[in-house]
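In this note's numbering, the protein residues as written are 156 to 611.
What follows is the structure, encoded as structure tokens:
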């Protein structure tokens, strides 16, 4: 079935595209928020080994991002260039994500290798589905406005998912665990991983006719396929992609560094781990509200100024947290929620901005590397997650963290320092880089798209 040239995206398809992020985020939030804690306090792996496991596993995950993107770019299966992967990959993601949250009766080293291997395989599968979902935006949206709508709805569903996660995850862990957190996490992940499969498969069904198998499409040399050297060229000669990529990486490091420390912050600084649910709920609600008002902010300030605002907001709020001592949960939650409210506008533009850099790269090089470039939108997240896991693991090890030993003032101070320093440093560097080097305005993007259309 061929796509009609003038076929528009329907509201149902836009919502189906966004619902993928709702379902996917439910599953991923368990790993982002609790996996370091699961390894140290449930699987009883020491902090230094935990940091090493996560660093190695996440580096492997990170390396797989451009590889999976290159495969999607160069291989066309019978269900379409992108739709094929959102059909095939999610069930394997489901299986290995569940295995990540098992606690086999192995010695710590063997257990660490097993869980790390499951992590890598699960996230390779994640990358196939995630990259295909990201790339599909360029097929569905034929104008910057349509792509922005898809990008914004995607983030709105993601933020709604974060609200649901904050309200359900720990209650489900406690309900299924009944005192056994390992069992609680396992059953909770089973539910969320299955919902992830259903989200992708729903989009597969709804997007029929937009991304179709074309036997005449040339995928290899001279077609839409690109060589590894051309992939390297796209990343390092496309100045706009490189700028966005670098800033996105710093923002991801900031976000996931904070997320990885929340369990430790509320358990040791505040003395009440259950308060993490209040924190997650507050920031999720504010992120959702922020995603709803993002279109108005973007129209008022423009893409670049809006993104600059989102890079600097955490610098301000976490500086205040640090100056006030970092031990008042009301102040911490309130300021983190404010940062999430404003920061949502930057997330709402993410897919659209990467799509803009893909158009720019096509204009500069004459090669359509959309699938590869859209896959690179996942790389900052992977790098941020990898670095945050290492920073948290090695940081805790450096202060002698031991879950079997009571809380000390030194541990409390170290957790507060880590939690505030990461977003402040990342925010300052992000603001400077984006202000100086990112040049793509809406007018420039429309001009480039027009030139690309003429050259097809």
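We put the beta carbon where it would ideally sit given N, CA and C, even for glycine.
query	result
Identify which residue in 355, 405, 210, 503 has its Cα closest to the Cα of residue 288.	355
Classify residue 379 as helix, strand or coil using the three-state DSSP reduction.	Only weak support is given to the placement of residue 379: the predicted model assigns it a pLDDT of 48, under 50, and the question is left unresolved by the model.
Distance check for residue 553 and residue 205, CA to CA, integer angstroms please.	13 Å
Considering residue 522, what are the terminal residues of the alpha helix (DSSP H) in which it resides?	Looking at the DSSP string, residue 522 is not in any alpha helix (DSSP H), and its letter there is neither H nor E.
Here's the rule I'm using: 16 or more other beta-carbon atoms within 10 Å means buried, otherwise exposed. How should residue 539 be labelled?	buried
Roughly how many whole angstroms lie between the Cα atoms of residue 375 and residue 607?	In this prediction, residue 375 has a pLDDT of 47, which is less than 50 and means its spatial position is unreliable; nothing more can be read from the coordinates.
Going by C-alpha distance, which of 436, 407, 472, 239 is nearest residue 505?	407
Just the C-alpha distance for residue 379 and residue 236, rounded to the nearest angstrom, thanks.	The predicted position of residue 379 is uncertain, since its pLDDT is 48 and thus under 50; a value taken from the coordinates is nonetheless stated next. Spanning the two alpha carbons is a distance of roughly 11 Å.
Just checking my contact of residue 545 with residue 194 at CB under 8 Å: how many whole Å lie between their CB atoms?	Not really, about 13 Å apart at Cβ, beyond 8 Å.
Going straight from the alpha carbon of residue 357 to that of residue 183, what length do you get?	19 Å
Between residue 593 and residue 391, what straight-line distance do the alpha-carbon atoms span, to the nearest angstrom?	14 Å
For a test of the three-state rule: what should DSSP assign to residue 606, helix, strand or coil?	helix
Give the straight-line distance between the Cα atoms of residue 220 and residue 531, rounded to the nearest whole angstrom.	7 Å
Helix, strand or coil: how does DSSP classify residue 595 here?	coil
Give every residue of the same chain whose Cβ lies closer than 7 Å to the Cβ of residue 271, excluding the five residues on either side of it in the sequence, and list them in chain order.	208, 211, 212
Three or more C-beta pairs closer than 8 Å, one from the region 429-448 and one from the region 557-571: is that the case here?	no
Whole-angstrom Cβ separation of residue 282 and residue 533, contact assumed at under 8 Å?	6 Å
Heavy atom of the ligand NAP less than 7 Å from the Cβ of residue 557, yes or no?	With respect to the ligand NAP, the structure offers nothing, as it holds no ligand at all.
Please go through the same chain and pick out, in chain order, the residues whose beta-carbon is closer than 7 Å to the beta-carbon of residue 169, but skip the five residues on each side of it.	304, 305, 308
Under 6 Å Cβ to Cβ from residue 278, same chain only, skipping five residues before and after it: list those, please.	216
Pick out the complete alpha helix (DSSP H) segments inside the region 168-230, 4 residues or longer, and give them in chain order.	202-229
Identify which residue in 459, 300, 578 has its Cα closest to the Cα of residue 601.	300
By the three-class DSSP mapping on this structure, what secondary structure does residue 235 have?	strand
Got a sec? Which residues, its chain only, sit under 7 Å from residue 366 by beta carbon, not counting five neighbours each side?	235, 236, 237, 238, 291, 294
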